[in-house]
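A.B. asks: What the sequence shown shows, in our numbering, is residues 6 to 374, in sequence order.
Think of the CB as a built atom: it goes at the ideal place given N, C-alpha and C, for glycine as much as any other residue.
Before anything else, here's the structure in question.
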Amino acid sequence: MKSKNSYLKIMLIISLVGIMVFIPLLSESLEILTDGDKDGISDALEKYAGLDPKKDECDPTGCSGFYGDEYLVMILDQSGSMAEKLGDDTRMEVAKRVSLKLIEKFPSTAAGLGFYSYGTKLPEGEEQGGEDNGCKSFIELQSPFKKLNRKDLKEHIQKMQPELGTPLAYSLLKFRESILDKKGKFNLLLITDGGESCNGDPVEEAKKLVMLNSKTLAVKLSVIGFGVDDKTAEELKKIAIASEGTYQTVATEEGLEDIFQKPIKDIIASFQGILCLHKQLDKLLLCEQSRDNKLRAAFNKLNGSFPSPFNDEEKKTLIKYYPETEKYIQARIQAYTKIKKEGTESYIKRIDEMSKLIVPPVDKIKKKK
Numbered sequence: 006m007k008s009k010n011s012y013l014k015i016m017l018i019i020s021l022v023g024i025m026v027f028i029p030l031l032s033e034s035l036e037i038l039t040d041g042d043k044d045g046i047s048d049a050l051e052k053y054a055g056l057d058p059k060k061d062e063c064d065p066t067g068c069s070g071f072y073g074d075e076y077l078v079m080i081l082d083q084s085g086s087m088a089e090k091l092g093d094d095t096r097m098e099v100a101k102r103v104s105l106k107l108i109e110k111f112p113s114t115a116a117g118l119g120f121y122s123y124g125t126k127l128p129e130g131e132e133q134g135g136e137d138n139g140c141k142s143f144i145e146l147q148s149p150f151k152k153l154n155r156k157d158l159k160e161h162i163q164k165m166q167p168e169l170g171t172p173l174a175y176s177l178l179k180f181r182e183s184i185l186d187k188k189g190k191f192n193l194l195l196i197t198d199g200g201e202s203c204n205g206d207p208v209e210e211a212k213k214l215v216m217l218n219s220k221t222l223a224v225k226l227s228v229i230g231f232g233v234d235d236k237t238a239e240e241l242k243k244i245a246i247a248s249e250g251t252y253q254t255v256a257t258e259e260g261l262e263d264i265f266q267k268p269i270k271d272i273i274a275s276f277q278g279i280l281c282l283h284k285q286l287d288k289l290l291l292c293e294q295s296r297d298n299k300l301r302a303a304f305n306k307l308n309g310s311f312p313s314p315f316n317d318e319e320k321k322t323l324i325k326y327y328p329e330t331e332k333y334i335q336a337r338i339q340a341y342t343k344i345k346k347e348g349t350e351s352y353i354k355r356i357d358e359m360s361k362l363i364v365p366p367v368d369k370i371k372k373k374k
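As structure tokens, then:
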């Protein structure tokens, strides 16, 4: 339980900051920059300032989640095998029907919605990737960063037809590239009825995708095998594991509808974490400001002629990276101030809107009857 709480704490802090928490530790590899309590301040500087290097004095106690914009993103298979039957309809028709229901109900004022597809023929003149097999196709139907255009998106979805190959690796690559300069948490659903068919390495791309979680954004990947066999399921599970995400096989329309439940609950949990944070904001702001004052005083001493326990190289390193520390602290203060200004009502409203997408167990029972 302790390790899980530590992870949640780190993710919350990373999202609050807007910069990397681990000040260039990896590139510098200098002991003087070690940050044992992961609060974005080197232990050496904390100790010199009279702070506890083993404890984050300004930890938002008891709150977990991710502060920032929330996005639900769907990457949908449009490969030729989606023409196979699932009951009376094709897999493609079932996927389109489920997608249209989500688009109609999704509360765009609570979170962003993104839709992409792969496995289609590109417009004439663009590189197709092989023998016109759709290996270079990754089509944006709705940007998660733009206002949801339900009418246009539904028209795009209705026109979708099964076409070519299954470029899973290329799709993950292009999505990663599209969010490199963005912030927020991306609850990403990769839906496929088959394995990689374009000689890419989706496991490697999944690893690269999750590496972004050390920056100002987070990606939670859910891989969905739609009517796949056991062998393909094992292949897809490796993608999910590589991204520290989840995998599930679904074989019915109802099962496909259910894939949205977990990411929606995760989004709600993040909003609840922000509500929890509201109760501590005054205390957190005072703590951050007090700590900042102590660190500034310590930095001024380092810059002066005062004696210190550091050698010349250590002193120069601490002085060099202090601006990053200051930027980090100010970003947290600004983030807390922003949360306080927004108030609780907006997040209560978002929770209420997203909760309407949760299917109560009783409704599922009625459907089966």
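Would a C-beta distance cut-off of 8 Å place Glu262 and Val103 closer than the cut-off?
C.D. replies: Counting from 1 along the sequence shown, the entry for residue 262 is found at position 257. Counting from 1 along the sequence shown, the entry for residue 103 is found at position 98. Contact flag set, yes.
A.B. asks: Rounded to whole angstroms, what is the Cα-Cα separation between Lys242 and Pro112?
C.D. replies: Counted from its first residue, the sequence shown places residue 242 at position 237. Counted from its first residue, the sequence shown places residue 112 at position 107. When rounded, the distance between both Cα atoms is 30 Å.
A.B. asks: By the three-class DSSP mapping on this structure, what secondary structure does Phe150 have?
C.D. replies: The residue you call residue 150 lines up with position 145 of the sequence shown. Coil, per DSSP.
A.B. asks: Beta carbon of Ser122, beta carbon of Met165: below 8 Å?
C.D. replies: If you number the sequence shown from 1, residue 122 lands on position 117. If you number the sequence shown from 1, residue 165 lands on position 160. For Ser122 and Met165, yes; Cβs fall inside 8 Å.
A.B. asks: Confirm the yes/no value for this check: CB of Ile272, any heavy atom of the ligand COA, distance under 7 Å.
C.D. replies: This structure lacks the ligand COA; in fact it carries no ligand of any kind.
A.B. asks: Would you decide whether Asn308 is buried or exposed? Buried here means 16 or more other CB atoms lie within 10 Å of its CB.
C.D. replies: By 1-based counting over the sequence shown, the position of residue 308 is 303. With fewer than 16 Cβ atoms within 10 Å of its Cβ, Asn308 is classed as exposed.
A.B. asks: Rounded C-beta distance between Val224 and Phe265? I'm assuming under 8 Å.
C.D. replies: To locate residue 224, count along the sequence shown from 1; it is residue 219. To locate residue 265, count along the sequence shown from 1; it is residue 260. Not a contact, Cβ separation roughly 17 Å.
A.B. asks: By alpha-carbon positions, which one of Ser47, Val364 and Val215 ends up nearest to Glu249?
C.D. replies: Reading the sequence shown from its first residue, position 244 is the one you call residue 249. Of the candidates Ser47, Val364 and Val215, the one whose C-alpha sits nearest the C-alpha of Glu249 is Val215.
A.B. asks: With DSSP as the reference, identify every bridge partner of Gln253, one or two as the case may be.
C.D. replies: As a working mapping, residue 253 is identified with position 248 in the sequence shown. In the DSSP output, where bridge partners are listed per residue, Gln253 has Ile229.
A.B. asks: Quick check on DSSP: helix, strand or coil for Met165?
C.D. replies: Along the sequence shown, read from residue 1 onward, the residue named residue 165 stands at position 160. It is coil, neither helix nor strand.
A.B. asks: Take the Cβ of Pro29 as the centre, count every other Cβ of all protein chains shown within 10 Å, and call the residue buried at 16 or more, exposed below.
C.D. replies: In the sequence shown, the residue the question calls residue 29 occupies position 24. Annotation note: pLDDT 40 at Pro29 (below 50); position unreliable, coordinate value reported separately. Flag for Pro29 reads exposed.
A.B. asks: Could you tell me whether the Cβ atoms of Ala211 and Ala247 are closer together than 8 Å?
C.D. replies: Here the question's residue 211 lines up with position 206 in the sequence shown. Here the question's residue 247 lines up with position 242 in the sequence shown. It is a contact, given that the beta carbons lie within the stated cut-off.
A.B. asks: Does Glu443 pass the burial test, meaning 16 or more other C-beta atoms within 10 Å, or should it be called exposed?
C.D. replies: With the chain covering 6 to 374 only, the question about residue 443 has no answer from this structure.
A.B. asks: Alpha carbon to alpha carbon, what distance is there between Gly205 and Lys252?
C.D. replies: Position 247 of the sequence shown holds residue 252. Position 200 of the sequence shown holds residue 205. Before going on, a small fix: residue 252 reads as Tyr here, not Lys. Rounded to the nearest angstrom, the two C-alpha atoms are 19 Å apart.
A.B. asks: How many angstroms separate the CA atom of Ser32 from the CA atom of Ala174?
C.D. replies: Walking along the sequence shown from the start, residue 32 turns up at place 27. Walking along the sequence shown from the start, residue 174 turns up at place 169. With a pLDDT of only 38 at Ser32, under 50, the local geometry of the prediction cannot be trusted, and the value read off the model is given with reservation. One C-alpha to the other measures close to 28 Å.
A.B. asks: Could you tell me which of Ser313, Ile80 and Leu290 sits nearest to Ile344, measuring between CA atoms?
C.D. replies: For the purposes of this step, residue 344 is taken as residue 339 along the sequence shown, with counting starting at 1. Considering only alpha carbons, the answer is Leu290.
A.B. asks: Where Lys288 and Ser313 are concerned, what is the direct C-alpha to C-alpha distance, given to the nearest angstrom?
C.D. replies: Counted from its first residue, the sequence shown places residue 288 at position 283. Counted from its first residue, the sequence shown places residue 313 at position 308. Spanning the two alpha carbons is a distance of roughly 31 Å.
A.B. asks: Does the distance from the CB of Leu323 to the CB of Ser47 come in under 8 Å?
C.D. replies: Taking the first residue of the sequence shown as position 1, residue 323 is located at position 318. Taking the first residue of the sequence shown as position 1, residue 47 is located at position 42. Their beta carbons are under 8 Å apart, which means Leu323 touches Ser47 by this criterion.
A.B. asks: What alpha helix (DSSP H) runs, 4 residues minimum, are completely inside the region 35-90?
C.D. replies: Runs of the alpha helix (DSSP H) inside the region 35-90: 48-53.
A.B. asks: Pick from Leu50, Gly41, Lys43 and Asp42: whose alpha carbon is nearest that of Phe315?
C.D. replies: To locate residue 315, count along the sequence shown from 1; it is residue 310. It is Leu50.
A.B. asks: Return yes when the Cβ of Cys140 is within less than 8 Å of the Cβ of Cys63, no when it is not.
C.D. replies: The sequence position of residue 63 within the sequence shown is 58, counting from 1. The sequence position of residue 140 within the sequence shown is 135, counting from 1. Cβ distance not < 8 Å, so Cys63 and Cys140 don't count as in contact.
A.B. asks: Please name the residue, chosen from Lys332, Thr349, Ser183 and Tyr326, that lies closest to Thr39 on a Cα-to-Cα basis.
C.D. replies: The residue given as residue 39 occupies position 34 in the sequence shown. The candidate whose alpha carbon is nearest that of Thr39 is Tyr326.
A.B. asks: Give me, in chain order, the residues of the same chain whose beta-carbon lies closer than 6 Å to that of Ile273; leave out the 5 immediate sequence neighbours on both sides.
C.D. replies: Residue numbering aside, residue 273 sits at position 268 when the sequence shown is read from its first letter. Within the same chain, Ile273 has close Cβ partners Ile356 and Met359.
A.B. asks: Taking the Cβ atom as the reference point for each residue, do Val78 and Pro149 lie within a distance shorter than 8 Å?
C.D. replies: Position 73 of the sequence shown holds residue 78. Position 144 of the sequence shown holds residue 149. Yes, these two residues count as a Cβ contact at 8 Å.
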